[in-house]
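Numbering (the working numbering), first residue to last: 2 to 593.
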Amino acid sequence: MEKEKQTVKSELDDLRTQIEHLQKGEAAAEKLSKQLEQQLNRIQTKIEDHVKQITDLNHSKTKLSSENSDLTRQIEEFERQIGTLNKAKTALQQQLDEAKRTLDDELRGKGSILNIRYLTSDLEQAREQLDEEQEAKIELQRQVTKLNAKVQQWRAHFQSQAAKLTEGEEQVEAALNKCNALEKVKPRLQGNVEDLMDLIDQLSEGGKSVHELEKSRKRAELEKEELQAALEDAQATLEQEEAKKKKLQSDINDLEVALDHANRTNADLQKTLKRIQQNITELQTQIEEEQRQRDKAREPAAVAERRANLINGELEELPTALKQAECARKAAENELHDAVDRISDINTQNANLFSQRRQLESTIAAMQADLDEAVSELKNNEEHAKKAKQDHALQVERLRKGLEQQVKDLQTHLDEAEANSLKGGKCVIAKLEQRIHELENENELEQHRHQETLKELRKNYRRLKELAFQTEEDRQNQLRLQDLIEKLQSKIKVYKQEIAAISLTKFRKVQTELGELINEKKKQEKTIENVFIFAEDSAERADLAENQLGKLRAKNRSSVSASRTSPARELREATTTVRATSTLRAGSVRQR
Numbered sequence: 002m003e004k005e006k007q008t009v010k011s012e013l014d015d016l017r018t019q020i021e022h023l024q025k026g027e028a029a030a031e032k033l034s035k036q037l038e039q040q041l042n043r044i045q046t047k048i049e050d051h052v053k054q055i056t057d058l059n060h061s062k063t064k065l066s067s068e069n070s071d072l073t074r075q076i077e078e079f080e081r082q083i084g085t086l087n088k089a090k091t092a093l094q095q096q097l098d099e100a101k102r103t104l105d106d107e108l109r110g111k112g113s114i115l116n117i118r119y120l121t122s123d124l125e126q127a128r129e130q131l132d133e134e135q136e137a138k139i140e141l142q143r144q145v146t147k148l149n150a151k152v153q154q155w156r157a158h159f160q161s162q163a164a165k166l167t168e169g170e171e172q173v174e175a176a177l178n179k180c181n182a183l184e185k186v187k188p189r190l191q192g193n194v195e196d197l198m199d200l201i202d203q204l205s206e207g208g209k210s211v212h213e214l215e216k217s218r219k220r221a222e223l224e225k226e227e228l229q230a231a232l233e234d235a236q237a238t239l240e241q242e243e244a245k246k247k248k249l250q251s252d253i254n255d256l257e258v259a260l261d262h263a264n265r266t267n268a269d270l271q272k273t274l275k276r277i278q279q280n281i282t283e284l285q286t287q288i289e290e291e292q293r294q295r296d297k298a299r300e301p302a303a304v305a306e307r308r309a310n311l312i313n314g315e316l317e318e319l320p321t322a323l324k325q326a327e328c329a330r331k332a333a334e335n336e337l338h339d340a341v342d343r344i345s346d347i348n349t350q351n352a353n354l355f356s357q358r359r360q361l362e363s364t365i366a367a368m369q370a371d372l373d374e375a376v377s378e379l380k381n382n383e384e385h386a387k388k389a390k391q392d393h394a395l396q397v398e399r400l401r402k403g404l405e406q407q408v409k410d411l412q413t414h415l416d417e418a419e420a421n422s423l424k425g426g427k428c429v430i431a432k433l434e435q436r437i438h439e440l441e442n443e444n445e446l447e448q449h450r451h452q453e454t455l456k457e458l459r460k461n462y463r464r465l466k467e468l469a470f471q472t473e474e475d476r477q478n479q480l481r482l483q484d485l486i487e488k489l490q491s492k493i494k495v496y497k498q499e500i501a502a503i504s505l506t507k508f509r510k511v512q513t514e515l516g517e518l519i520n521e522k523k524k525q526e527k528t529i530e531n532v533f534i535f536a537e538d539s540a541e542r543a544d545l546a547e548n549q550l551g552k553l554r555a556k557n558r559s560s561v562s563a564s565r566t567s568p569a570r571e572l573r574e575a576t577t578t579v580r581a582t583s584t585l586r587a588g589s590v591r592q593r
């Protein structure tokens with residue numbers, strides 16, 4: 002009995018120790034529940050931080066979308082600027098084509114100037130031929146004087162007197178006609194001189210337009226044709242003069258035959274010849290004066306020609322300048338294309354950023370879902386722990402009550418055992434041992450569950466740390482991308498300003514060059530018109546001189562064939578010639 006009591010006491014002690022262990026496990030479970038609550042609070046704070054980061058990401062998303070719209074607007078502005086530059090390019094190309102056309106017209110005008118030079122050289126040759134004919138005429142006149150000297154010895158004085166009167170009348174008429182013609186030519190020459198002065202003044206003031214250049218070119222072609230016709234007329238007159246010369250030679254032969262009949266006209270002829278020589282000298286002085294005026298007009302023509310050469314040189318330099326402008330424009334276009342490429346790269350980077358952001362949002366959503374799952378699992382684990390704690394407490398309470406009841410039963414059994422001398426003691430011990438074994442199994446199961454909950458908590462804690470680290474990396478990447486976008490936007494603004502400044506300077510430079518070219522063209526047109534006017538005036542003066550020479554020759558021939566006139570008429574004609582010569586000299590002095 003004592004042994005059984007001792008065994009029961011030892012069992013009771015074991016049960017008490019087990020109860021203490023269970024109480025300690027309950028305290029440890031409470032500590033774990035508190036730790037789990039703290040971890041849940043931390044997780045909730047982290048979740049709040051993640052929510053704030055998500056809101057910040059949404060704000061940055063709106064900023065990026067606004068910046069993207071700004072970039073698209075800037076790209077549209079660049080495209081508009083490219084369109085304006087293309088329009089300016091087409092306008093410059095049209096101006097270049099017009100400049101080339103005007104250059105071709107000026108080159109054609111230069112060819113007409115060369116033709117005018119050839120015509121002037123031909124006119125000078127014709128004048129030289131006229132001078133040679135005048136010398137031949139003088140030689141013939143000398144021969145006539147010699148023959149007339151011989152005729153004086155053979156012919157009577159009254160025949161020479163009659164011939165002298167007729168010749169004097171005709172010479173006086175010729176001189177009067179000549180004076181009238183010169184009086185008519187005089188205001189025209191003065192008007193031409195005034196026109197030349199006006200043209201020189203207009204050269205300093207500016208030129209005409211391209212349309213007026215076309216008109217002047219057509220006028221120059223017409224004047225060229227007129228000069229050609231005048232040259233042909235001069236050649237025809239020269240041929241007529243040669244025929245007249247031959248006729249004069251035949252007349253001289255006739256005169257040699259008729260020397261016997263011309264002795265009376267010899268003295269009068271000599272007087273009229275002296276008068277004619279005086280008229281010829283006066284005409285020569287007038288011609289020399291006109292030549293001096295022509296030489297004076299040649300100087301501005303040479304200056305105009307030099308200016309035309311300078312303008313041609315500048316026009317030759319114009320394609321190089323236009324090529325440089327084209328190269329600069331191409332460089333600006335290349336820079337613009339580079340800027341557009343950079344903008345496209347920025348757009349691609351922005352798109353990549355948006356895709357990365359979406360990925361981050363998806364990962365954050367996945368992490369949020371995982372976090373929600375972890376929180377739900379923690380809540381479930383907490384509920385399981387509470388339930389396990391409650392079950393454990395209930396089991397402990399039941400065990401305690403059962404043990405108390407068993408202790409009471411044992412006490413009663415002990416009492417009964419003492420009374421019944423160990424009847425049924427073995428059965429009770431077997432039941433107690435079985436119950437102790439069941440309690441030990443339940444304790445092991447509870448400890449196993451507690452270890453599994455601890456493992457789950459550790460896994461969730463590690464996952465929370467990983468999520469926090471990943472969100473921090475995403476936030477840093479977003480900040481770096483924001484800095485990169487701001488830098489790229491500043492670079493785009495700088496490139497836009499540089500491209501706009503370069504395009505403006507190049508456009509203004511090309512406009513100034515085109516304005517200078519147009520002014521130079523107008524000046525060249527004015528000089529060409531002056532040269533044409535001067536050539537026309539010189540051709541008219543040459544025609545007038547040739548006509549006057551033809552009239553003098555005709556009058557000389559008619560003076561030889563004439564036979565009678567009155568002395569009173571001769572005196573009247575002589576007085577009129579003297580007056581005409583005096584007026585001509587006064588006019589020439591005024592012109593000088």
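Glycine residues also receive a C-beta, built at the ideal position from the N, C-alpha and C atoms.
Just so we're clear, the structure is a prediction, and the values are computed from it rather than from any experiment.
Excluding the five sequence neighbours on either side, which residues of its own chain have a C-beta within less than 7 Å of the C-beta of residue i, listed in chain order?
| i | result |
| --- | --- |
| Q54 | T472 and R476 |
| E541 | none |
| T18 | none |
Report the three-state DSSP secondary structure of residue i (helix, strand or coil).
| i | result |
| --- | --- |
| P568 | Note that P568 scores a pLDDT of 43, beneath 50, so its modelled location is shaky; the value from the coordinates is reported in the next line. The answer is helix: DSSP assigns P568 an H, G or I state. |
| V590 | In this prediction, V590 has a pLDDT of 36, which is less than 50 and means its spatial position is unreliable; what the coordinates show is noted afterwards. Of the three classes helix, strand and coil, the one that applies to V590 here is helix, per DSSP. |
| K297 | helix |
| D14 | helix |
Which word fits residue i, buried or exposed, when buried means at least 16 other C-beta atoms lie within 10 angstroms of its C-beta?
| i | result |
| --- | --- |
| I44 | buried |
| S491 | exposed |
| E474 | exposed |
| K523 | buried |
| V495 | exposed |
| E129 | exposed |
| A467 | The residue asked about is misnamed: residue 467 is Glu in this sequence, not Ala. E467 comes out exposed. |
| R276 | buried |
| L93 | buried |
| K10 | exposed |
| K248 | exposed |
| K527 | buried |
| L16 | buried |
Kindly list the residues whose CB is nearer than 6 Å to the CB of residue i, restricted to its own chain and excluding five residues on each side of it in sequence; keep chain order.
| i | result |
| --- | --- |
| N520 | none |
| K90 | none |
| D132 | none |
| K460 | none |
Might you give, ordered along the chain, the residues of its own chain that have their beta carbon closer than 8 Å to the beta carbon of residue i, omitting 5 neighbours on each side?
| i | result |
| --- | --- |
| S356 | none |
| K4 | none |
| K297 | none |
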